[in-house]
Amino acid sequence: MQLFEFFLQTYGILGISLTLAALLLLVVQVVIYVHYGCLVSYKNNRRKAVREAEPAISIVVPMFSEDYGFVEERLPLMLKQEYREFEVVLIYVGQNSDFHEELTRLRQNYPHLVVTRIHLDPRRPISRKMALNIGIKAAHYECMLFSSTEAMPRTSRWLALMASGFARGQVVLGYAAVEQTKGLQNLWMRTDRMMQSAEWLSRAANGKPYRGILHTFGFTKTLYFSKKINGFNCLGMNIGEDDLFVQEVARRNNTSLILSPKATVDQKSWGGLAWWMHQETYYGAAARFYPRSVRWMRFWEPCSRVLFFALLLAMAILLPLPLQLAAVGLLLVRYLIVLLEVRRIARRLGEKKMLRLYFLYDLFSPLWVLLRSLLMMRKDERVWR
131 MQLFEFFLQT YGILGISLTL AALLLLVVQV VIYVHYGCLV SYKNNRRKAV
181 REAEPAISIV VPMFSEDYGF VEERLPLMLK QEYREFEVVL IYVGQNSDFH
231 EELTRLRQNY PHLVVTRIHL DPRRPISRKM ALNIGIKAAH YECMLFSSTE
281 AMPRTSRWLA LMASGFARGQ VVLGYAAVEQ TKGLQNLWMR TDRMMQSAEW
331 LSRAANGKPY RGILHTFGFT KTLYFSKKIN GFNCLGMNIG EDDLFVQEVA
381 RRNNTSLILS PKATVDQKSW GGLAWWMHQE TYYGAAARFY PRSVRWMRFW
431 EPCSRVLFFA LLLAMAILLP LPLQLAAVGL LLVRYLIVLL EVRRIARRLG
481 EKKMLRLYFL YDLFSPLWVL LRSLLMMRKD ERVWR
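If you're matching positions, the sequence shown starts at 131 in my numbering and goes up one per residue.
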């Protein structure tokens, strides 16, 4: 009591209030980042096995354009995976018969490639969910992994590691990074992907899965066709197979996380921040249907960060030197904890050179989140059918 009275007399009610508020927000930030870091210690083998360790796998990939880059560069990475028994089911949605024949001829070198075609009628657009549904029906195996034409497995062990998740679950979630290229924009996109993924992966590691990522996730055919589920939900949207559907089927006791640098896939980068914002606003339209606790956390983390920085700035301007030094100390403590956790997360997910400019991302990403939220307030006609 005497100590409190001393501080009150020395620094006044303003100094005490700002300091206590900054301490509270520091605790909030530490709790959030330590929560993110729990995915580092996650071990899927702690759960009970439900099937053999190496089940036969169907990799299902929808294809909506004549993408020769995918056929020549990325598809072979999937076809040459080191695994006992698997197939790649490619669903071509288009009108180019010559391209379809070229895909079919690939079976001469890769007999485990299955090519299915959906004729594209401009009057009746085909969604990714519809193409995946055809691919699921064409798949020969119970355990299915889903990917995209933008995905590039980093190693030939990607399939084996992801398949191991089916030994202990019906839903398998993995991590997809953004392709590493030169430039600050690319570093921003890579950091943004990693930190967003840390949020939903950490919730899954704590038994509360609510989404995956369309470039590398999977589930069983039995689960998809079960009477309770009976296929994809939210059919009025062109998105949602990796999050809204996962929310419906993923549970604490049936979901496996595969977190390893060798199990990471890279998403092809097609541009800079404009392209990235286009991706964010399109796929982010499903976020309004996320659980309330998820939406609250996605809002509160950047807000608490901004408030923390604002309070430290106010302390540096308005308060005496001892409390100014305390503000600097609080800032250093936060960054020490944050950078340690981010470094651990990056190593677990196979990300490199992420700490070089993390200070910039940490400072300015709340503005990015605000811009994205403003853009998502308008109805996106690309999303709705």
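Note that CB positions come from ideal geometry on N, CA and C, so glycine has one too.
The residue from T411, L437, V379 and S195 with its alpha-carbon nearest to that of M506 is T411. Shown here for A476: same chain residues with a beta carbon closer than 8 angstroms to its own, the five before and five after excluded, namely M324, K482, M484 and L485 in chain order.
The criterion of a C-beta distance shorter than 8 angstroms is not satisfied by Q454 and A306. If you draw a 10 Å sphere on the C-beta of K259, you find 16 or more other C-beta atoms in it, and that means buried.
Restricting attention to beta strand (DSSP E) runs no shorter than 3 residues, the segment 146-205 encloses them at 187-193, ordered along the chain.
Considering only V424, L275 and R177, the residue with the shortest C-alpha distance to V219 is L275. The alpha-carbon of V513 is positioned some 25 angstroms away from that of L331. A direct Cα-to-Cα measurement between R422 and R428 gives close to 10 angstroms. Taking every protein chain shown into account, the CB of I388 has 16 or more other CB atoms within 10 angstroms, so this residue is buried. Counting along the chain, no alpha helix (DSSP H) covers T394, and no H or E run does either.
In the structure shown, P496 adopts helical secondary structure according to DSSP, grouped into three states. When the five nearest sequence neighbours on each side are left out, the beta carbons in the same chain lying within less than 8 angstroms of the beta carbon of S434 are those of L155, V158, Q159 and I162, in order along the chain. Rounded to the nearest angstrom, the Cβ distance from L233 to Y240 is 10 angstroms, too far for a contact under 8 angstroms. By the criterion of at least three beta-carbon pairs nearer than 8 angstroms, the segment 264-271 is not in contact with the segment 380-387.
Here F375 carries a helix assignment [DSSP, helix/strand/coil]. For G265, the uninterrupted alpha helix (DSSP H) segment begins and ends at R258 to A268.
Excluding its 5 nearest sequence neighbours in each direction, V424 has C-beta neighbours in its own chain below 6 angstroms: Y340, listed in chain order.
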